[in-house]
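> Each residue of the sequence shown is one higher than the one before, starting from 27 at the first, in the working numbering.
Virtual Cβ for every residue (Gly too), placed ideally from N, Cα, C.
Take this structure first; my questions come after.
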Amino acid sequence: NVTDDEPAPPQDVTAYAASLLGMPPPPLVSIEDANLSPMARSFYSENKRVRNERIKCDLGVTLAHPTYHEGLAAIYGELRNRGAVK
């Protein structure tokens, strides 16, 4: 697994993406009510933290977009430049 410098739950990342698009975040759905495969249900029911220190230190990697905020903002900016979003 590889992660950025800001571990966050999926709903935080989704809410930030929605804010970039000027939209409200989608409603939260409980894991019990979600239509998920057993594998997806297992994934979302666990709370694992992943660190990226080794990839940065051992391999000398420098992240172009250190957090999901920078990464999603860069994607949104590129889509705007291409006219794919307003």
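1. How big is the Cα-Cα spacing for Arg77 and Thr29?
2. Using only alpha-carbon positions, find the residue among His91, Gly103, Pro64 and Pro52 that is nearest to Thr40.
3. With Leu98 and Tyr42 assumed to form a contact (beta carbons below 8 Å), what rounded beta-carbon distance in angstroms separates them?
4. Using a Cβ-Cβ cutoff of less than 8 Å, which residues in the same chain neighbour Arg15 once the five nearest sequence positions on both sides are dropped?
5. Quick check on the DSSP output: the alpha helix (DSSP H) that includes Lys82 runs from which residue to which?
6. Could you please give the first and the last residue of the uninterrupted alpha helix (DSSP H) stretch that includes Met49?
7. Given a cut-off of 8 Å, decide if Leu62 and Gln37 are closer than it, judged by their beta-carbon atoms.
Here's the rundown:
1. Rounded to the nearest angstrom, the two C-alpha atoms are 7 Å apart.
2. Comparing Cα-Cα distances from Thr40 to each of His91, Gly103, Pro64 and Pro52, the minimum goes to Pro52.
3. 6 Å between Cβ atoms; contact.
4. This structure does not reach residue 15, given that the chain is present from 27 up to 112, and the question cannot be answered.
5. Unbroken alpha helix (DSSP H) run through Lys82: Glu79 to Leu85.
6. That residue, Met49, is in no alpha helix (DSSP H); it is neither H nor E in DSSP.
7. In this structure, Leu62 does not lie closer than 8 Å to Gln37 by Cβ.
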